[in-house]
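Student: Submitted below is the structure of interest, expressed as structure tokens.
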Amino acid sequence: MTWLERHFGQECSKKFQSETQKHPDEAGMTPGLTGEYDLELREKAGMHQPPPAPEHMGLEGEYDPAGLAKRVAIAFDRDPQISEIDSLEIDQNGGTIILKGSVPNSEILEHITGMAAKVDGTQAVDTSQVSVA
1 MTWLERHFGQ ECSKKFQSET QKHPDEAGMT PGLTGEYDLE LREKAGMHQP
51 PPAPEHMGLE GEYDPAGLAK RVAIAFDRDP QISEIDSLEI DQNGGTIILK
101 GSVPNSEILE HITGMAAKVD GTQAVDTSQV SVA
């Protein structure tokens, strides 16, 4: 089961997969904390009035209060090193990604934190509720 399915349900995952198959070049998310943007997603968001804030951009640019967390889940799904970790939960509070649960080691936690930080709209990553097994 993917990160997106575990956290947001199979319907959300199916919708995203069908959209990705239509547009295979939309594979990667771009950095958030580094100041670079997912220009294609922001263009889609700009079509909505008013456009959603970066942390609330859904998978297709629509307003989604959990949009950032969903895009982080997709980024995690695309990384074979962490795609199978099922002991960690993703939550969101505004532009902050909150990770909860456990990870096998500190290197994996650093990797996951770095991945979450790169998603457009991420302002901070809170790992205070993550334990290292």
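Just so we're aligned, residue 1 is where the sequence shown starts under the numbering used here, counting upward by one.
No residue lacks a Cβ here, since even glycine has one placed at the ideal position from N, Cα and C.
1. Which whole-angstrom value is the C-beta distance of residue 132 and residue 88, which I expect to be below 8 Å?
2. Reducing DSSP to helix, strand and coil, say where residue 115 ends up.
3. Figure out for me which residue from 114, 60, 52 has the closest Cα to the Cα of residue 75.
4. What are the start and end residues of each continuous alpha helix (DSSP H) run of 4 or more residues lying completely inside the region 60 to 96, in chain order?
5. Taking Cβ to Cβ, would you say residue 111 is nearer than 8 Å to residue 92?
6. Label residue 40 either buried or exposed according to how many other C-beta atoms from any shown protein chain fall within 10 Å of its C-beta, with 16 as the threshold for buried.
7. Looking at the strands, I want to know which residues DSSP matches up with residue 57.
8. Just checking: is the beta-carbon of residue 64 within a distance shorter than 8 Å of some beta-carbon in chain D?
9. Residue 134 to residue 52, Cα distance in whole Å?
10. Do you know whose CA, among 104, 84, 73, lies nearest residue 116's CA?
11. Hey, quick one: how far does the beta strand (DSSP E) through residue 124 stretch, first residue to last?
12. So if DSSP puts residue 99 in a beta bridge, which residue, or which two residues, is it bridged to?
Tutor: According to the structure data:
1. Rounded, the Cβ-Cβ distance is 11 Å, inconsistent with contact.
2. helix
3. Minimum Cα distance to residue 75 is reached at 114.
4. 67 to 77
5. no
6. Its Cβ having fewer than 16 others within 10 Å, residue 40 is exposed.
7. 63
8. The structure shown contains no chain D; it is built from a single protein chain.
9. Any question about residue 134 goes unanswered here, given that the chain covers just 1 to 133.
10. 73
11. Start and end: 124 to 132.
12. Assignment of beta-bridge partners to residue 99 by DSSP yields 90.
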